[in-house]
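Protein chains in written order, with my numbering: chain P, 954 to 1190; chain S, 72 to 173.
We put the CB at the ideal spot given by N, CA and C, even for glycine.
Structure representation (structure tokens):
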């Protein structure tokens, strides 16, 4: 049932037809966007899962090494050796536009390039297990950064896909059918008016013709009367 | 210049200190909540959060999920992985596709 507020006028019809055209084009474009987003999202998610598994494994290994190191060293000693990091990480963030979604790209730089520089302590008073632990941590860190990038990307893409999907569905199942219904309603109404008008004209014409016939008959009757009067008159004279 | 933060129980996050990350050791969930909010306001681009804490901070994580920064990334704590990180990947798929297709 069309909504009650539309005016069945030609102007409204033209306007609605224009809107329907726009909506259909928008729907097609959004659908394409959704499909492409979905394609990229699937790639990202697959990578995300693999990376996460790798990071979790790597971190568990590092944690394990740390536990061993903590068992071999006194907690104070451990704290002290890690308290002042030798290197610091500088993170640069840029954005990449992925199907109109801004996703972050991280570039990180450590203050020292030497991989041997990651140990912030002297080797004399610490156990070798701590070296392993820090080493494992440093190794997994690359993956952790990549994971951050990929995971954020997948979250942002998921949000965008959800939004796009809703729009596509709203257009496809609500907006476009509604407009088509309204257009149909207006066309029918206009046709109906047209027919009503034709009938009215026919009726009027009919009435006029009837009147004309009536007049003609009356005149004929008058003429006949006049004639018969005039025909009788000579007889009487 | 952005920074990277790590939030978790002291034992789990100690190692990250050696890498030069900003480590924020917390004992309680409430402290972690405050740390997340504080770090989100400062220019932290990535926050690593242990799953043990994340289990009780889902509202905070959801809040920053759609924001560009910070990216809150769950990592397993000392006690091992709780599978929340993986579940989040799954929920992202569900959110996008409407069903878990992986």
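Given residue i as reference, the closest of the options once Cα atoms are compared
i, options, result
"residue 76 of chain S", "S/115, S/171 and S/100", "S/115"
"residue 979 of chain P", "P/1003, P/1123 and P/1092", "P/1123"
"residue 125 of chain S", "S/155, S/84, S/163 and S/141", "S/155"
"residue 1044 of chain P", "P/1036, P/973 and P/1059", "P/1059"
"residue 965 of chain P", "P/1079, P/1051 and P/1139", "P/1139"
"residue 993 of chain P", "P/1170, P/1114 and P/1057", "P/1114"
"residue 1012 of chain P", "S/136, S/127, S/131 and S/82", "S/82"
"residue 973 of chain P", "P/982, P/1158 and P/1132", "P/1132"
For residue i, the first and last residue of its enclosing beta strand (DSSP E)
i, result
"residue 1045 of chain P", "1042-1051"
"residue 1195 of chain P", "Outside the displayed range of chain P (954 to 1190) lies residue 1195 of chain P, so it cannot be described from this structure."
"residue 145 of chain S", "142-146"
"residue 116 of chain S", "115-121"
Limits of the alpha helix (DSSP H) - the one that residue i falls within
i, result
"residue 1025 of chain P", "963-1025"
"residue 1106 of chain P", "1081-1123"
"residue 135 of chain S", "129-136"
"residue 155 of chain S", "155-168"
"residue 94 of chain S", "Per DSSP, residue 94 of chain S belongs to no alpha helix (DSSP H); it is in the beta strand (DSSP E), 93-96."
"residue 43 of chain S", "With chain S running from 72 to 173 in the structure shown, residue 43 of chain S is simply not present."
"residue 1031 of chain P", "1028-1036"
Local conformation of residue i per DSSP, three classes
i, result
"residue 77 of chain S", "strand"
"residue 1140 of chain P", "helix"
"residue 1184 of chain P", "helix"
"residue 1151 of chain P", "helix"
"residue 1130 of chain P", "helix"
Any C-beta of chain C under 7 Å from that of residue i
i, result
"residue 1022 of chain P", "Although the question refers to chain C, the structure presented lacks it and instead comprises the protein chains P and S."
Proximal residues, the stretch 76-99 of chain S versus chain P, C-beta separation under 8 Å = 82, 83, 85, 86, 87, 88, 89, 90, 91 and 92
Could you name the residues of the stretch 152-166 of chain S whose beta carbon sits closer than 7 Å to any beta carbon of chain P, in the order they occur along the chain?
-> 152, 156, 157, 160, 163, 164 and 166
Taking Cβ-Cβ distances below 7 Å as the criterion, which residues of the stretch 124-137 of chain S are in contact with chain P?
-> 136 and 137
Which residues, taken in chain order from the stretch 1116-1132 of chain P, show a beta carbon closer than 8 Å to some beta carbon of chain S?
-> 1118
Mind checking the stretch 1078-1096 of chain P against chain S and listing, in chain order, the residues whose C-beta falls within less than 8 Å of any C-beta there?
-> 1086, 1087, 1090, 1091 and 1094
Taking Cβ-Cβ distances below 9 Å as the criterion, which residues of the stretch 981-1002 of chain P are in contact with chain S?
-> 990, 991, 994, 995, 998, 999, 1001 and 1002
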